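Peer 1:
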């Protein structure tokens, strides 16, 4: 049982050490070490034999040799490292010496002892330790055929050389000069010989000149920004570690250090980065740079370090001004960020692009207080991972928590706003106060996914706050009804610039047919510039599609998605009695310039209805992309006939075809389509664990 306790103490102590809790790590290592020393010799022998270890740590033991616990040296090594971090070098040195005594042929013990001696400025003693360690390692390998780690040998050799250089730097220089003087008899004659050798291509000259080449030194400095432009700050930092001259050369171009991407970053790594950035700030604060950075991205490695990492970013980097800030901090709430952003306004002053993964704290509009610091914000993207306080799902227009100062014109430059919620953990409508009381703006793109709408008839009335929208994307929103949304487009003049419309319902309860055309409706005003329509998974009916097309400008539509619509039936002609019927002919003549037709998982699609589309290929002269995925009733015969007829009409193949999840279409048909040049690119996957992926073809599904 004791050995299990030692293993657990070792693991827990290592965790404390990595998290910089050195005092706790020290206590654990000391207690584990005392326990390891408490065993008697018989127990230690049995324990070592059980783990397949020799009784002694030396190959030729004598009567004075001791038997040690298998974890003894490792515990000493960890304790010595902990003492180093606590700057207690005296105790660290004692632990390292005990390591050497316990395992004299272990090179790692000598490396630890040598490094501690170097920190104590005892280079001569450290040099002797490295020499002794390398001698012991060589002896163990040659005499006893022990396997020695090449990595440890390289480390010890490198440390020995470094110490030797510090002990006598002149000696190395004198040795180099003396070797050169032996060859230089007459400088003029020597120069003639070098020229002669270079003309004849003598290898000695090539090697001599090649050994003195410095890539950056030979390169014009004006090329640095062009060559290193694609490097991230992390990659550039590694380049600066090559040598001092490279570091100096790159730091003369601070505009290169514009993108700091810290993915899965620990607090210690973040601290190191902040220190480097603060040194860099002295250069960036020049008038020509203004202390501005293009991108700063951070995501924590450990959840428990998340809050203190965010606090460190806003406190230590408060003098910087970011243009783009990306924070993936799911345990940080809107109240935390509001407090930090209010206290460090410089970071947000020039912010144009803000992306956040966070936790929503309901009760007060912290999001408004948070964003009021961002005067120049153009793009806002928020992914709500969880909600701390249950959010009221009702559409409340109360301004009891909103002060006049919290509704400035901070959003006048905002162009895009995206709100995505994890519906399994977030209830209600986060940021509802912000959306409902949105200040004057020029917003052109609005995307809301995964929230819960109220069941009231005015659930979309707040859209009146956005009069310049070019794109609307609503998906997977509980309670959001396409019928109610279309009534808002019918009754109010919202935006005359709308080009892209996506509305995918979370749950379908009743059919949406739309109304017949009337002069009093605003459909035509709101939809006159529409180019892309995506009603996948909605309650729209065949009659609803026909009436919607009558409100659109036929020459504008380029993309149409009708996938997974249960109230659509495909027939040759429209029906006056069945509202679900949609005629392919009526549909295609209404969109003559259609480039992308998406019909995934459309229950009405089979070989018979594919023939209807084959008859209308004359109205598909501009078609480039076709998505027929997840339609099990379509066979290769009807698909081949359709693509053949399409190519005959326009003398050009289809650019892209998606038939994923169509088991009735064989791989032989796919090869035939490619060999006949009926399509340029085909995606055909018969089986997949998850068909719909989060953020790709449907935001509601996670990969």
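Residue numbers (full-length UniProt numbering): 1 to 703.
Glycine included, every Cβ here is placed at the ideal spot set by N, Cα and C.
Fair warning: this is a prediction, and the values are worked out from it, not measured in the lab.
Between which two residues does the beta strand (DSSP E) containing residue 300 stretch?
Peer 2: Taken as a continuous stretch (DSSP letters only), the beta strand (DSSP E) holding residue 300 covers 292-300.
Peer 1: In angstroms with no decimal places, state the Cα-to-Cα distance between residue 613 and residue 360.
Peer 2: The straight-line gap from Cα to Cα measures roughly 48 Å.
Peer 1: What is the DSSP secondary structure of residue 663, reduced to helix, strand or coil?
Peer 2: Residue state, collapsed to three classes: coil.
Peer 1: When DSSP labels each residue in this structure, what does residue 576 get in the three-state scheme?
Peer 2: Residue state, collapsed to three classes: coil.
Peer 1: Is residue 304 near residue 266, with beta carbons less than 7 Å apart?
Peer 2: No; because the gap between Cβ atoms is not below 7 Å, this pair is not in contact.
Peer 1: Compare the beta carbon distance of residue 238 and residue 294 with 7 Å and say whether it is the shorter of the two.
Peer 2: Their beta carbons are not under 7 Å apart, which means residue 238 does not touch residue 294 by this criterion.
Peer 1: Thinking just about the alpha-carbon of each residue, which of 82, 319, 49 and 343 is nearest to the one in residue 21?
Peer 2: Answer by Cα proximity: 82.
Peer 1: For residue 69, count neighbouring C-beta atoms within 10 Å of its own C-beta (all shown protein chains included) and say buried if the count is 16 or more, exposed if not.
Peer 2: It counts as buried.
Peer 1: So, are the CB atoms of residue 531 and residue 551 less than 7 Å apart?
Peer 2: Not a contact, by the Cβ cut-off of 7 Å.
Peer 1: Counting along the chain, where does the beta strand (DSSP E) carrying residue 86 start and finish?
Peer 2: No beta strand (DSSP E) contains residue 86, which DSSP labels as neither H nor E.
Peer 1: Ordered along the chain, which non-local residues of its own chain (more than five positions away) have a Cβ less than 6 Å from that of residue 635?
Peer 2: Result list for residue 635: 607 and 664, in chain order.
Peer 1: Quick one: give me the first and last residue of the alpha helix (DSSP H) that residue 246 is part of.
Peer 2: Note, residue 246: alpha helix (DSSP H), 244-251.
Peer 1: Locate the beta strand (DSSP E) running through residue 323, then write down its first and last residues.
Peer 2: Residue 323 -> beta strand (DSSP E) spans 321-333.
Peer 1: Tell me whether residue 149 counts as near the ligand MN, meaning its Cβ is closer than 6 Å to at least one heavy atom of that ligand.
Peer 2: For the structure depicted, the ligand MN is absent and the ligand set is empty, with no information on it obtainable.
Peer 1: So, with DSSP's three-state summary, where would you put residue 393?
Peer 2: Note on residue 393: pLDDT 42, under 50, position unreliable in the model; the coordinate value appears next. Residue state, collapsed to three classes: coil.
Peer 1: Between the C-alpha atoms of residue 331 and residue 312, what's the straight-line distance to the nearest angstrom?
Peer 2: For residue 331 and residue 312, the distance between alpha carbons rounds to 15 Å.
Peer 1: To which residues does DSSP link residue 656 through a beta bridge?
Peer 2: According to DSSP, residue 656 bridges with 625 and 681.
Peer 1: Three or more C-beta pairs closer than 8 Å, one from the stretch 584-594 and one from the stretch 643-663: is that the case here?
Peer 2: The stretch 584-594 vs the stretch 643-663: no contact.
Peer 1: Taking the CB atoms as reference points, tell me whether residue 505 and residue 538 lie closer together than 7 Å.
Peer 2: It is a contact, given that the beta carbons lie within the stated cut-off.
Peer 1: In angstroms with no decimal places, state the Cα-to-Cα distance between residue 57 and residue 357.
Peer 2: Cα to Cα, residue 57 sits roughly 53 Å from residue 357.
Peer 1: I need the straight-line Cα distance from residue 385 to residue 631, nearest angstrom please.
Peer 2: Rounded to the nearest angstrom, the two C-alpha atoms are 33 Å apart.
Peer 1: For the alpha helix (DSSP H) that contains residue 475, what are its first and last residues?
Peer 2: That residue, residue 475, is in no alpha helix (DSSP H); its beta strand (DSSP E) goes 471-477.
Peer 1: Return the CA-CA distance between residue 242 and residue 325, expressed in angstroms with no decimal places.
Peer 2: Spanning the two alpha carbons is a distance of roughly 29 Å.
Peer 1: Quick check on the DSSP output: what are the complete alpha helix (DSSP H) runs of length 4 or more inside the stretch 497-564, in order along the chain?
Peer 2: You should have 523-527 and 542-550.
Peer 1: Bridge partners for residue 342 per DSSP, in chain order?
Peer 2: Answer is none; residue 342 lacks a bridge partner.
Peer 1: Could you give the DSSP three-state label for residue 139: helix, strand or coil?
Peer 2: Helix, per DSSP.
Peer 1: Which same chain residues, not among the five before or five after residue 261, have their C-beta less than 6 Å away from its C-beta?
Peer 2: Here the set comprises 232 and 297.
Peer 1: Would you call the CB atoms of residue 443 and residue 466 closer than 7 Å?
Peer 2: Yes, these two residues count as a Cβ contact at 7 Å.
Peer 1: Less than 6 Å between C-beta atoms, sequence neighbours within five positions excluded: which residues of the same chain meet that for residue 687?
Peer 2: Nothing listed; no residue qualifies.
Peer 1: Would you tell me roughly how many angstroms separate the C-alpha atoms of residue 468 and residue 477, rounded to the nearest one?
Peer 2: C-alpha separation (whole angstroms): 23 Å.
Peer 1: Suppose the cutoff is 6 Å on Cβ atoms and the five residues either side in sequence are ignored; what does the same chain contact list for residue 458 look like?
Peer 2: Excluding residues within five positions, none has a Cβ falling inside 6 Å.
Peer 1: Run through the stretch 24-49 for me and flag every whole alpha helix (DSSP H) of 4 or more residues, listed as ranges in chain order.
Peer 2: Fully enclosed alpha helix (DSSP H) runs of 4 or longer: not present.
Peer 1: Identify the continuous alpha helix (DSSP H) that holds residue 316 and give its terminal residues.
Peer 2: From DSSP, the alpha helix (DSSP H) with residue 316 extends over 306-316.
Peer 1: If I'm right that residue 317 touches residue 336 with Cβ under 8 Å, what's the distance once you round it to whole angstroms?
Peer 2: Between residue 336 and residue 317 the Cβ distance is about 16 Å, and since that is not below 8 Å, they are no contact.
Peer 1: For the beta strand (DSSP E) containing residue 421, list its first residue and its last residue.
Peer 2: 416-421 is the span of the beta strand (DSSP E), which, as asked, contains residue 421.
Peer 1: Would you tell me roughly how many angstroms separate the C-alpha atoms of residue 629 and residue 655, rounded to the nearest one?
Peer 2: Cα to Cα, residue 629 sits roughly 16 Å from residue 655.
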